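Per numbering that gives the first Met the number 0, residue 0 is the first one in the sequence shown, and the count goes up by one each step.
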Amino acid sequence: MCLTICLRGIRNAWHFYYALPLVFKVVCRNIGVALLTP
């Protein structure tokens with residue numbers, strides 16, 4: 000039981016770290032557009 004919970008947590012963390020650069024890229028793009036638009 001604990002093994003499946005641990006594996007699920009590791010898988011969720013892996014998805015989180017995989018999506019983090021994508022979210023960071025989108026946020027940076029939004030900030031760049033906000034800075035470029037007067």
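Think of the CB as a built atom: it goes at the ideal place given N, C-alpha and C, for glycine as much as any other residue. As the structure is a computational prediction, the values presented were derived from the model and not from experiment.
Can you look up T3 in the DSSP assignment and give me helix, strand or coil? For T3, the secondary structure class from DSSP, reduced to helix, strand or coil, is helix.
For P37, name the three-state secondary structure that DSSP assigns. coil
Using the C-alpha atoms, what's the distance from L21 back to I9? Their Cα atoms are separated by approximately 19 Å.
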